[in-house]
Amino acid sequence: MAQKKLLRFAQIKEMLHVLEYPENMQGEWSSFFKNDNPLIIELACGRGEYTIGMAAMFPGKNFIGVDVKGNRIYIGAKKAQDSKLDNAAFLRTQIEIINSYFGKAEVDEIWITFPDPQLRTSKAKKRLTHPRFLRLYQQFLKPGGSIHLKTDSPALHIFTSKVIDMYGLNLQEESGNVYAEPHAPELDIKTHYEGLDIAQSKKIHYLRFSLPDNIADKDDELMEYLKQTENNNEQA
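Set out below in C-alpha coordinates:
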(Lines of atoms letter the chains of each structure in order from A and count residues from 1; the text may use other names and numbers.)
(Lines give C-alpha, C1' and ligand atoms only; values in the text may rest on other atoms or scores of the structure.)
Protein backbone atom coordinates (compact mmCIF):
# COMPACT_ATOMS: atom_id res chain seq x y z
CA MET A 1 0.00 0.00 0.00
CA ALA A 2 2.81 2.42 0.88
CA GLN A 3 4.51 1.67 -2.44
CA LYS A 4 1.26 2.34 -4.30
CA LYS A 5 0.92 5.72 -2.58
CA LEU A 6 4.48 6.64 -3.47
CA LEU A 7 3.80 5.74 -7.09
CA ARG A 8 0.71 7.92 -7.14
CA PHE A 9 2.59 10.81 -5.54
CA ALA A 10 5.12 10.54 -8.36
CA GLN A 11 2.44 10.32 -11.04
CA ILE A 12 0.47 13.39 -9.95
CA LYS A 13 3.61 15.48 -10.41
CA GLU A 14 3.31 14.75 -14.12
CA MET A 15 -0.43 15.43 -14.39
CA LEU A 16 -1.43 18.70 -16.02
CA HIS A 17 -4.63 18.70 -13.95
CA VAL A 18 -2.73 18.82 -10.63
CA LEU A 19 -0.88 21.67 -8.95
CA GLU A 20 1.03 21.00 -5.73
CA TYR A 21 1.66 24.03 -3.54
CA PRO A 22 2.00 26.28 -6.60
CA GLU A 23 3.46 29.77 -6.34
CA ASN A 24 2.07 32.98 -7.81
CA MET A 25 -1.39 31.62 -8.70
CA GLN A 26 -3.44 34.45 -7.22
CA GLY A 27 -5.42 35.99 -10.06
CA GLU A 28 -3.97 33.54 -12.59
CA TRP A 29 -6.64 30.83 -12.76
CA SER A 30 -8.29 32.23 -15.89
CA SER A 31 -4.89 31.91 -17.59
CA PHE A 32 -4.53 28.36 -16.29
CA PHE A 33 -7.92 27.33 -17.70
CA LYS A 34 -7.49 29.59 -20.76
CA ASN A 35 -10.90 31.21 -20.28
CA ASP A 36 -12.80 33.59 -18.02
CA ASN A 37 -15.52 31.14 -16.99
CA PRO A 38 -16.84 31.12 -13.40
CA LEU A 39 -14.53 29.40 -10.93
CA ILE A 40 -15.85 26.99 -8.30
CA ILE A 41 -13.68 25.24 -5.72
CA GLU A 42 -14.39 22.14 -3.64
CA LEU A 43 -12.62 22.03 -0.27
CA ALA A 44 -11.45 18.75 1.26
CA CYS A 45 -12.39 17.14 -2.05
CA GLY A 46 -11.00 13.68 -1.25
CA ARG A 47 -11.25 11.60 -4.42
CA GLY A 48 -12.81 14.51 -6.26
CA GLU A 49 -16.18 13.00 -7.11
CA TYR A 50 -17.92 16.36 -6.76
CA THR A 51 -15.29 18.25 -8.71
CA ILE A 52 -15.45 15.72 -11.54
CA GLY A 53 -19.24 15.41 -11.43
CA MET A 54 -19.85 19.15 -11.58
CA ALA A 55 -17.19 19.66 -14.26
CA ALA A 56 -19.03 17.16 -16.47
CA MET A 57 -22.41 18.68 -15.61
CA PHE A 58 -21.37 22.31 -16.18
CA PRO A 59 -18.82 22.53 -19.03
CA GLY A 60 -19.11 26.33 -19.01
CA LYS A 61 -17.57 26.58 -15.53
CA ASN A 62 -14.15 25.75 -14.10
CA PHE A 63 -13.73 23.53 -11.03
CA ILE A 64 -10.83 22.98 -8.64
CA GLY A 65 -10.76 20.25 -6.01
CA VAL A 66 -8.59 21.10 -3.01
CA ASP A 67 -7.10 18.52 -0.66
CA VAL A 68 -3.79 17.87 1.06
CA LYS A 69 -3.79 14.11 0.42
CA GLY A 70 -2.11 13.41 -2.89
CA ASN A 71 -3.11 9.74 -2.87
CA ARG A 72 -6.78 10.75 -3.02
CA ILE A 73 -6.28 13.61 -5.46
CA TYR A 74 -4.67 11.14 -7.86
CA ILE A 75 -7.98 9.29 -8.26
CA GLY A 76 -9.90 12.41 -9.23
CA ALA A 77 -7.13 13.76 -11.43
CA LYS A 78 -6.88 10.43 -13.29
CA LYS A 79 -10.63 10.54 -13.97
CA ALA A 80 -10.38 14.13 -15.20
CA GLN A 81 -7.50 13.14 -17.46
CA ASP A 82 -9.23 10.03 -18.82
CA SER A 83 -12.50 11.93 -19.36
CA LYS A 84 -10.69 14.85 -21.01
CA LEU A 85 -12.30 17.33 -18.62
CA ASP A 86 -10.32 20.47 -19.35
CA ASN A 87 -12.45 22.44 -16.87
CA ALA A 88 -11.40 20.34 -13.85
CA ALA A 89 -8.18 20.67 -11.86
CA PHE A 90 -6.83 19.74 -8.44
CA LEU A 91 -4.84 21.78 -5.96
CA ARG A 92 -2.82 19.98 -3.33
CA THR A 93 -2.39 22.14 -0.25
CA GLN A 94 -3.67 22.73 3.27
CA ILE A 95 -6.97 24.57 3.50
CA GLU A 96 -5.50 26.67 6.30
CA ILE A 97 -3.52 28.57 3.65
CA ILE A 98 -6.13 28.45 0.86
CA ASN A 99 -6.16 32.25 0.62
CA SER A 100 -2.58 32.10 -0.68
CA TYR A 101 -3.76 30.66 -4.01
CA PHE A 102 -6.70 32.85 -5.06
CA GLY A 103 -6.97 36.57 -5.67
CA LYS A 104 -9.65 38.96 -4.48
CA ALA A 105 -13.11 38.01 -5.85
CA GLU A 106 -11.54 35.31 -8.05
CA VAL A 107 -13.80 32.46 -6.85
CA ASP A 108 -17.53 32.37 -7.60
CA GLU A 109 -18.62 29.52 -5.31
CA ILE A 110 -17.24 27.18 -2.66
CA TRP A 111 -18.42 23.61 -2.05
CA ILE A 112 -17.70 21.74 1.17
CA THR A 113 -18.85 18.14 0.76
CA PHE A 114 -18.83 15.69 3.66
CA PRO A 115 -15.95 17.27 5.58
CA ASP A 116 -14.72 15.87 8.88
CA PRO A 117 -17.29 17.37 11.30
CA GLN A 118 -14.66 17.64 14.07
CA LEU A 119 -17.31 16.81 16.68
CA ARG A 120 -15.26 17.57 19.79
CA THR A 121 -15.75 21.12 21.03
CA SER A 122 -11.99 21.46 21.45
CA LYS A 123 -11.64 20.97 17.68
CA ALA A 124 -14.41 23.35 16.64
CA LYS A 125 -11.92 25.72 15.00
CA LYS A 126 -11.04 22.96 12.54
CA ARG A 127 -14.58 22.84 11.16
CA LEU A 128 -14.53 24.23 7.65
CA THR A 129 -17.55 26.44 8.37
CA HIS A 130 -15.97 27.98 11.47
CA PRO A 131 -15.55 31.80 11.21
CA ARG A 132 -11.80 31.24 11.24
CA PHE A 133 -12.12 29.66 7.79
CA LEU A 134 -14.93 31.92 6.60
CA ARG A 135 -12.58 34.89 6.99
CA LEU A 136 -10.11 33.14 4.69
CA TYR A 137 -12.80 32.45 2.09
CA GLN A 138 -13.92 36.07 2.26
CA GLN A 139 -10.54 37.14 0.89
CA PHE A 140 -11.17 35.49 -2.49
CA LEU A 141 -14.91 34.73 -2.76
CA LYS A 142 -16.91 37.14 -4.91
CA PRO A 143 -19.43 39.32 -3.03
CA GLY A 144 -22.64 37.33 -2.78
CA GLY A 145 -20.87 34.13 -3.83
CA SER A 146 -22.42 30.99 -2.39
CA ILE A 147 -20.84 28.57 0.06
CA HIS A 148 -22.43 25.10 -0.12
CA LEU A 149 -22.24 22.60 2.73
CA LYS A 150 -23.39 19.02 2.16
CA THR A 151 -23.03 16.72 5.16
CA ASP A 152 -24.50 13.72 6.94
CA SER A 153 -23.60 15.25 10.31
CA PRO A 154 -26.58 16.83 12.12
CA ALA A 155 -24.09 18.40 14.54
CA LEU A 156 -22.21 20.18 11.75
CA HIS A 157 -25.51 21.33 10.27
CA ILE A 158 -26.60 22.76 13.62
CA PHE A 159 -23.20 24.37 14.19
CA THR A 160 -23.17 26.00 10.76
CA SER A 161 -26.74 27.23 11.20
CA LYS A 162 -25.67 28.79 14.50
CA VAL A 163 -22.73 30.50 12.81
CA ILE A 164 -25.02 31.83 10.07
CA ASP A 165 -27.39 33.26 12.67
CA MET A 166 -24.80 34.58 15.14
CA TYR A 167 -22.58 36.23 12.53
CA GLY A 168 -25.35 37.58 10.34
CA LEU A 169 -24.53 35.50 7.27
CA ASN A 170 -27.00 35.32 4.41
CA LEU A 171 -28.88 32.00 4.38
CA GLN A 172 -29.93 31.15 0.83
CA GLU A 173 -31.14 27.56 1.12
CA GLU A 174 -31.41 24.85 3.78
CA SER A 175 -32.49 21.22 3.90
CA GLY A 176 -32.38 18.64 6.66
CA ASN A 177 -33.09 15.79 4.24
CA VAL A 178 -31.93 16.62 0.71
CA TYR A 179 -33.16 13.55 -1.12
CA ALA A 180 -36.65 13.76 0.37
CA GLU A 181 -37.17 17.24 -1.10
CA PRO A 182 -36.89 18.91 -4.52
CA HIS A 183 -33.25 19.84 -5.07
CA ALA A 184 -30.72 21.05 -7.64
CA PRO A 185 -29.30 18.30 -9.90
CA GLU A 186 -25.75 18.80 -8.63
CA LEU A 187 -26.88 17.63 -5.19
CA ASP A 188 -27.41 14.17 -6.68
CA ILE A 189 -23.66 13.75 -7.18
CA LYS A 190 -22.41 11.13 -4.72
CA THR A 191 -19.00 11.10 -3.06
CA HIS A 192 -17.19 7.87 -2.21
CA TYR A 193 -18.03 8.42 1.44
CA GLU A 194 -21.71 8.99 0.71
CA GLY A 195 -21.84 5.64 -1.06
CA LEU A 196 -20.70 3.77 2.04
CA ASP A 197 -23.28 2.01 4.20
CA ILE A 198 -22.54 4.26 7.17
CA ALA A 199 -23.57 7.30 5.15
CA GLN A 200 -26.48 5.70 3.29
CA SER A 201 -28.31 5.15 6.57
CA LYS A 202 -28.25 8.87 7.41
CA LYS A 203 -30.15 11.91 6.22
CA ILE A 204 -28.13 14.30 4.09
CA HIS A 205 -28.12 17.93 5.20
CA TYR A 206 -27.50 20.92 2.94
CA LEU A 207 -26.88 24.61 3.55
CA ARG A 208 -26.18 27.35 1.03
CA PHE A 209 -25.20 30.76 2.30
CA SER A 210 -23.12 33.83 1.48
CA LEU A 211 -20.90 36.09 3.54
CA PRO A 212 -21.49 39.70 4.62
CA ASP A 213 -18.95 42.43 3.88
CA ASN A 214 -17.54 42.05 7.38
CA ILE A 215 -17.57 38.98 9.63
CA ALA A 216 -17.98 40.07 13.24
CA ASP A 217 -15.54 38.99 15.93
CA LYS A 218 -17.84 36.82 18.03
CA ASP A 219 -15.57 33.80 18.26
CA ASP A 220 -15.39 33.86 22.06
CA GLU A 221 -19.17 34.02 22.24
CA LEU A 222 -19.41 31.11 19.83
CA MET A 223 -17.03 29.03 21.93
CA GLU A 224 -19.04 29.76 25.07
CA TYR A 225 -22.18 28.59 23.28
CA LEU A 226 -20.44 25.36 22.24
CA LYS A 227 -19.15 24.67 25.74
CA GLN A 228 -22.58 25.31 27.26
CA THR A 229 -24.21 23.03 24.71
CA GLU A 230 -21.65 20.32 25.48
CA ASN A 231 -22.31 20.65 29.22
CA ASN A 232 -26.06 20.46 28.70
CA ASN A 233 -25.69 17.32 26.60
CA GLU A 234 -23.51 15.68 29.26
CA GLN A 235 -26.08 16.43 31.96
CA ALA A 236 -29.03 15.22 29.91
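In my numbering, each residue's number is its place in the sequence shown (first place is 1) plus 141. Yeah, the Cβ is synthetic: ideal placement off N, Cα and C, and Gly gets one too. Model, not experiment: these values are computed from the prediction.
### Message
What residue range does the beta strand (DSSP E) around VAL319 cover?
### Response
In the sequence shown, counting from the first residue as 1, residue 319 sits at position 178. Here VAL319 belongs to no beta strand (DSSP E), and DSSP marks it neither H nor E.
### Query
Nearest-angstrom Cα distance between LEU148 and PRO323?
Working through the sequence shown from its first residue, we reach residue 148 at position 7. Working through the sequence shown from its first residue, we reach residue 323 at position 182. If you take the alpha carbons of LEU148 and PRO323, they lie about 43 Å apart.
#### Entry: Cβ shell of TYR320 (< 7 Å), same chain only, five flanking positions each side left out
The residue you call residue 320 lines up with position 179 of the sequence shown. So the qualifying residues of the chain are ILE345.
#### Entry: From GLY309, LEU328 and HIS158, residue whose alpha carbon lies closest to that of SER316
For this step, residue 316 is matched to residue 175 along the sequence shown. Selected option, being the one with the closest Cα: LEU328.
### Message
So, at 7 Å on beta carbons, what are the nonlocal neighbours of ARG213 in its own chain, with the 5 sequence-adjacent residues on each side left out?
### Response
For the purposes of this step, residue 213 is identified with residue 72 of the sequence shown, where counting begins at 1. Closer than 7 Å at the Cβ level, and outside the excluded window around ARG213, lie GLY187 and ARG188.
### Message
Can you tell me which residues form a DSSP beta bridge with THR254?
### Response
In the sequence shown, the residue the question calls residue 254 occupies position 113. DSSP output for THR254 lists LYS291 as bridge partner(s).
### Message
Alpha carbons only, please: which of TYR334, MET166, LEU363 and HIS289 is nearest the one belonging to PHE300?
### Response
Residue numbering aside, residue 300 sits at position 159 when the sequence shown is read from its first letter. Of TYR334, MET166, LEU363 and HIS289, the residue nearest in Cα terms is LEU363.
#### Entry: Extent of the continuous beta strand (DSSP E) to which ALA218 belongs
The residue given as residue 218 occupies position 77 in the sequence shown. Note, ALA218: premise wrong, no beta strand (DSSP E); alpha helix (DSSP H) at 211-223.
### Query
Between the beta-carbon of VAL207 and the beta-carbon of ILE182, is there less than 8 Å?
Sequence index remark: in the sequence shown, residue 207 carries index 66 (1-based). Sequence index remark: in the sequence shown, residue 182 carries index 41 (1-based). Against a cut-off of 8 Å, the Cβ pair of ILE182 and VAL207 comes out as a contact.
### Message
What would DSSP say about PRO200, mapped onto helix, strand or coil?
### Response
Residue mapping note: residue 200 aligns to position 59 of the sequence shown, counting from 1. PRO200: coil per DSSP, three-state reduction.
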